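Participant:
Next up, the structure:
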């Protein structure tokens, strides 16, 4: 009995040590652009930014597994996720080339960077032309033209 307890304790200690030596497995699977060691807070911040920038929710890019009522965040089964990766590469390239930014996910706090919102402004498709100019109400023109205005002075 004593030998079993000692052997069990040694086994638990060895397993615990092996997990410690190996380190933690990455929290997120299939990260291609974002850092593999991104924290939960950073990931949440990035995902909330994407959501606000495109005016969409998780299902726009991620696959929902109906049978388990869970998300398969690692899946590449949604074309919008693949497009998002290409857009991230593009914005990272622009930020690196023009603003000296080199890929830190904290870039959303920086003033001079291009983000998804820069072009998307809360819409799935970025506008390709400027919005129409706002029409201001016209001031009524004096009757008789400018001569009548000069005469009143």
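Numbering (my numbering), first residue to last: -19 to 133. Here a beta-carbon is modelled for each residue, glycine too, at the ideal position from N, C-alpha and C. The structure displayed is predicted, hence computed values, not measured ones.
Cutting at 8 Å between CB atoms, please list the residues of its own chain near residue 103, excluding the five before and the five after it.
Facilitator: 34 and 35
Participant: Rounded to the nearest angstrom, what separates residue 77 and residue 96 at their Cα positions?
Facilitator: 17 Å
Participant: Measure the C-alpha to C-alpha separation of residue 32 and residue 123 and round it to an integer number of angstroms.
Facilitator: 51 Å
Participant: Since residue 43 is in the beta strand (DSSP E), which residue starts that stretch and which ends it?
Facilitator: 43 to 45
Participant: State the Cα-Cα distance for the pair residue 1 and residue 110, rounded to the nearest angstrom.
Facilitator: Low local confidence applies: a pLDDT of 45 at residue 1 is under 50, so the model's placement there is unreliable, and no value is given.
Participant: Would you tell me roughly how many angstroms separate the C-alpha atoms of residue 68 and residue 44, rounded to the nearest one?
Facilitator: 22 Å
Participant: Grab the span of the beta strand (DSSP E) containing residue 56 for me, first residue to last.
Facilitator: Note, residue 56: premise wrong, no beta strand (DSSP E); not H, not E.
Participant: Mind reading off the beta-carbon distance from residue 38 to residue 64? Whole number of angstroms is fine, and I expect it under 8 Å.
Facilitator: With 8 Å as the limit, residue 38 and residue 64 do not qualify as a contact, their Cβ atoms being about 12 Å apart.
Participant: Which two residues bound the contiguous alpha helix (DSSP H) that contains residue 50?
Facilitator: Element bounds for residue 50: not the alpha helix (DSSP H) but the beta strand (DSSP E), 50 to 52.
Participant: Which of the three DSSP states is assigned to residue 11 in this structure?
Facilitator: coil
Participant: My guess is that residue 98 and residue 79 are in contact by the Cβ rule of under 8 Å, so how many angstroms apart are they, rounded?
Facilitator: Wrong, their Cβ atoms sit about 12 Å apart, outside the cutoff.
Participant: Residue 8 and residue 53: beta carbons closer than 9 Å?
Facilitator: yes
Participant: With C-beta atoms as the reference, is residue 10 less than 9 Å away from residue 55?
Facilitator: yes
Participant: Answer with buried or exposed for residue 75, where buried requires no fewer than 16 other C-beta atoms within 10 angstroms of its C-beta.
Facilitator: buried
Participant: Which residues in the same chain as residue 27 place their Cβ atom closer than 8 Å to its Cβ, once the five residues preceding and following it in sequence are excluded?
Facilitator: Exclusion of the five residues before and after residue 27 leaves 38 as the residues of its chain whose Cβ lies within less than 8 Å of its Cβ.
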